[in-house]
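Worksheet: the structure to be examined is printed underneath.
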Amino acid sequence: MNINDATAGETYIVEDIHTDDEDLRSFLFSLGCYSGEPITVIAHRRGGCTVSIKDGRYNIDNMIADAVLIKNS
77 MNINDATAGE
87 TYIVEDIHTD
97 DEDLRSFLFS
107 LGCYSGEPIT
117 VIAHRRGGCT
127 VSIKDGRYNI
137 DNMIADAVLI
147 KNS
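Here you go:
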């Protein structure tokens, strides 16, 4: 399951980042989004969603949301 499939208000665990783009992988890592970390989907928006990672809230587009694979916590 990826972030676009997640329920708003629920906390999940990042399982993997599914991309060959090393820049995207590095960007997500700099936000604290990597395997084993909790992530909360705050809201789904047209073209993307808002997530909470560690102490920050971020708006991410659908392409990034598709790349972040999650599982129930």
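Quick note, the sequence shown lines up with residues 77 to 149 if you use this note's numbering. Where is the CB? At the ideal position from N, CA and C, for every residue including glycine.
Cβ pair residue i, residue j closer than 8 Å
i: residue 88; j: residue 147; result: yes
i: residue 116; j: residue 102; result: no
i: residue 93; j: residue 125; result: no
i: residue 143; j: residue 120; result: no
i: residue 132; j: residue 100; result: no
Helix, strand or coil at residue i according to DSSP, with G and I counted as helix
i: residue 142; result: helix
i: residue 121; result: strand
Where the beta strand (DSSP E) containing residue i begins and where it ends
i: residue 91; result: 87-93
Those residues which DSSP pairs with residue i across a bridge
i: residue 134; result: 127
i: residue 116; result: 87, 128
Same chain, Cβ closer than 7 Å to residue i, five either side skipped, listed in chain order
i: residue 82; result: 88, 117, 146
i: residue 91; result: 111, 145, 146, 147
i: residue 141; result: 78, 79, 80, 124, 125
Proximity test, residue i beta-carbon vs the ligand NAD heavy atom, cut-off 7 Å
i: residue 92; result: Among the components modelled here there is no ligand, and therefore nothing to report on the ligand NAD.
Host alpha helix (DSSP H) of residue i (start-end)
i: residue 99; result: 98-107
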